[in-house]
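Numbering (this note's numbering), first residue to last: 13 to 259.
Each residue gets a CB set at the ideal place from its N, CA and C atoms; glycine is no exception.
Accompanying notes for the structure given below.
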């Protein structure tokens with residue numbers, strides 16, 4: 013997560029939006045649905061723990077699309093542009109650019125369709141029922157795709173161990189919240205097995221499956237005593253690559 017995606021603890025950013033609705037506008041549900049369908053058809057599911065018949069699905073979509081794909085697209089936005097748009101608008105831009113980059117649609121075709129539906133908002137959308145894909149989506153929603161793997165080597169840390177969070181070089185995508193870098197915490201739980209991420213983060217350290225830990229932090233050690241409620245604990249699930257014993 014680059015700066016604009018990891019704002020915890022930064023001051024003078026204005027009031028926090030406490031909106032509790034998942035979808036504010038009806039079109040946001042459709043964007044979420046498109047993303048879900050793409051994940052349910054993603055080629056990486058051939059290697060998921062629940063074995064999916066991705067290779068035989070009657071679809072022209074033949075790419076890998078995961079949460080990492082969506083996040084990488086959003087994180088690639090220019091920071092000032094990022095703050096201009098709503099949550100699902102960022103999703104829409106990332107998904108649209110992916111389809112253009114992969115050749116499923118051209119920028120001109122997308123612009124023409126956009127202009128058409130802006131001029132005719134009640135125009136019917138394409139309707140192509142596909143029972144096989146509908147079944148695949150239902151299976152995916154029920155079973156998901158897990159990054160769990162067999163543990164190859166013993167975890168470096170045990171519950172109760174004090175650790176210092178690493179500060180790796182910034183890369184295109186990271187799973188380490190910026191506000192935890194160089195902070196000290198205590199291992200509370202070691203998750204069984206080993207976990208990989210959907211994509212390698214390169215120099216950031218996430219690649220092959222590794223242990224994952226639940227780490228507890230005192231809020232005052234992160235935000236400072238004058239900005240923290242007393243006796244408050246912050247928990248974070250972190251890959252082993254982000255943990256060290258040095259300070």
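{"Item": "Option in 213, 163, 107 and 192 with minimal Cα separation from residue 255", "Value": "192"}
{"Item": "Cα-Cα separation between residue 162 and residue 129, rounded to whole angstroms", "Value": "49 Å"}
{"Item": "Where residue 132 falls, given that 16 or more other Cβ within 10 Å makes a residue buried", "Value": "exposed"}
{"Item": "Within the stretch 114 to 151, ranges of the alpha helix (DSSP H) (whole runs, at least 4 residues)", "Value": "119 to 131"}
{"Item": "Any chain C beta carbon closer than 8 Å to residue 230", "Value": "Absent from the structure is chain C; it holds one protein chain and no more."}
{"Item": "Residue burial classification, residue 177 (beta-carbon count within 10 angstroms, cutoff 16)", "Value": "buried"}
{"Item": "Option in 74, 249 and 227 with minimal Cα separation from residue 57", "Value": "74"}
{"Item": "Cα-Cα separation between residue 274 and residue 108, rounded to whole angstroms", "Value": "Outside the modelled stretch of the chain, which goes from 13 to 259, sits residue 274, for which no answer is possible."}
{"Item": "Buried versus exposed, by CB contacts within 10 Å (16 or more), residue 147", "Value": "exposed"}
{"Item": "Residue 34 versus 98, 65 and 216, residue with shortest Cα-Cα distance", "Value": "98"}
{"Item": "Pairwise C-alpha distance: residue 85 and residue 154", "Value": "26 Å"}
{"Item": "Residue 69 burial status per 10 Å Cβ neighbour count (16 or more: buried)", "Value": "buried"}
{"Item": "Simplified DSSP assignment, three categories, for residue 187", "Value": "coil"}
{"Item": "Terminal residues of the alpha helix (DSSP H) in which residue 40 lies", "Value": "38 to 52"}
{"Item": "Contact under 8 Å by Cβ, residue 199 with residue 170", "Value": "yes"}
{"Item": "Per-residue burial, residue 197 [other beta carbons within 10 Å of its own, 16 or more giving buried]", "Value": "buried"}
{"Item": "Beta-carbon proximity of residue 222 to residue 207, cut-off 8 Å", "Value": "yes"}
{"Item": "Start-to-end residues for the alpha helix (DSSP H) that takes in residue 178", "Value": "Counting along the chain, residue 178 falls outside any alpha helix (DSSP H), and DSSP gives it neither H nor E."}
{"Item": "Local Cβ density within 10 Å of residue 250, reported as buried at 16 or more and exposed below that", "Value": "buried"}
{"Item": "Three-state secondary structure assigned by DSSP to residue 211", "Value": "coil"}
{"Item": "Close Cβ partners of residue 117 (< 7 Å) along its chain, the five nearest in sequence each way excluded", "Value": "111"}
{"Item": "Delimiting residues of the beta strand (DSSP E) encompassing residue 247", "Value": "245 to 251"}
{"Item": "Residue of 141, 142 and 127 minimising C-alpha distance to residue 135", "Value": "127"}
{"Item": "Coil, strand or helix - residue 157 by DSSP", "Value": "coil"}
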